[in-house]
Every structure is written in structure tokens, then in C-alpha cells.
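Numbering (this note's numbering), first residue to last: 330 to 445.
A virtual CB, placed ideally from N, CA and C, is assigned to each residue, including glycine.
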Ligand SMILES: [Zn+2]
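Okay, structure coming up:
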């Protein structure tokens, strides 16, 4: 196995907010303070929307029909344990959904929360 470089989110830059980590291997994924919306639905239930997440790799482009219409998405995988944590919106086809492009969904059930 090669060396793996894991990004640790700076705790002082999160404004004292909790950090969401991969439930399986506890590597940082995003700060709770960076959540753009909590009103999203993943495949496994509630999900959060972010501009940026860390320690993930992207799967191939896939077309999916979600509640809000057709989107091209990439699944996102934890770089440490390869668990699927959510997806990234590559392209939205509905004009009203364009704001999601380039943003990330993390499934709430795939996360654990580390208190600040
Ligand atoms: Zn993991």
C-alpha cells in the first residue's frame, strides 16, 4: 500500500464547529460550519450540501434521475476506506438546479461528528 496523504481540517478555522468524519475510518470530510443546506436527500436518507469536502476521490460521471430531475453526478469515495460517502453534482439539466453544479452531497448516515 502506498503512502496516503490525509488532509486534517484546521479546527480553529471551523469557528469551533464540529467536524464530520467518515463513519468507518474517522478521517475528516467537512466542517459542520461549511454546510450549505441540510435539506437534501441522499440514497440513504438525509444529506448535507457542501462547496468543498476533503479526503475524497471521484467516481466516473453517471447520469441519474433524482427527485429534482436529471443530473450528471460522480459518486464520492473516502480516500482511506473507499466507502461511498455521497456524490458530486457535475451537471444539472434543469435551470433551477444549476446552483448545485460542482457541489457535494454527504450522506448523513455515513458521517460521524467529532465535537470541536
Ligand atoms: Zn473512510
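- An exposed status is given to residue 373, since fewer than 16 other beta-carbon atoms sit within 10 Å of its beta-carbon.
- The C-beta of residue 444 has fewer than 16 other C-beta atoms within 10 Å across all chains shown, which makes the residue exposed.
- The C-beta separation of residue 416 from residue 408 comes to about 15 Å, leaving the pair out of contact by the 8 Å criterion.
- With a threshold of 8 Å, the Cβ atom of residue 437 does not count as near ligand 1, since no heavy atom of the ligand is closer than that.
- Remark: the shortest separation between the CB of residue 410 and any heavy atom of ligand 1 falls under 8 Å.
- In terms of Cβ geometry, residue 423 and residue 352 do not form a close pair [threshold 9 Å].
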